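Residue numbers (the working numbering): 808 to 923.
All residues carry an ideal CB built from backbone N, CA and C; glycine is no exception.
As the structure is a computational prediction, the values presented were derived from the model and not from experiment.
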């Protein structure tokens, strides 16, 4: 969709010349959406996933555990992607904001090491 807009720009000297084009965004009132950075989402076997993170005690040490959660994606803009949960996350759930490809790789590596 394209909208023609006319704008008057203050203090344009030394920044703009006649005939120059600019690109902008028009923000409108709308509902907010849940979104995560693109790096938080992985597509695996045609389905999008994010990773929920929680801690556990293992051999007296705290370690992070990441669990894949299937989602549906919506619109994306400037590196952010709308996410729609298939089921609500637990209260105060933590979600990984990046490295989804690394996390899925580590998860698969762990699965193959148990097959021997």
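Specify the secondary structure class of residue 832 as computed by DSSP and reduced to three states.
Correct three-state label for residue 832: coil.
Inset, instruction - List the whole-angstrom C-beta distance separating residue 855 from residue 829, where the pair is believed to meet the contact cut-off of C-beta under 8 Å. - result: Going by Cβ atoms, the distance from residue 855 to residue 829 rounds to 34 Å, so no, they are not a contact pair.
Discussion item. Report the CB separation of residue 847 from residue 903 in whole angstroms; it is logged as a contact under 8 Å.
Written reply: The Cβ separation is near 6 Å, so the contact holds.
### Extent of the continuous beta strand (DSSP E) run through residue 882
868-884 is the span of the beta strand (DSSP E), which, as asked, contains residue 882.
Requested in this report: Would you give the residue range spanned by the beta strand (DSSP E) that residue 844 belongs to?
Outcome: 842-844 is the extent of the beta strand (DSSP E) around residue 844.
Mapping the DSSP letters down to three states, classify residue 890 as helix, strand or coil. If DSSP states are grouped into helix, strand and coil, residue 890 belongs with the strands.
With a Cβ-Cβ cutoff of 8 Å, do residue 859 and residue 896 count as a contact?
Going by C-beta atoms, residue 859 is nearer than 8 Å to residue 896.
* **Buried or exposed by the 16-neighbour rule on C-beta atoms within 10 Å, applied to residue 910** => Flag for residue 910 reads buried.
Taking all protein chains shown into account, do 16 or more other C-beta atoms lie within 10 angstroms of the C-beta of residue 894, making it buried, or fewer, making it exposed?
-> Classification of residue 894: exposed, given that the 10 Å Cβ count is below 16.
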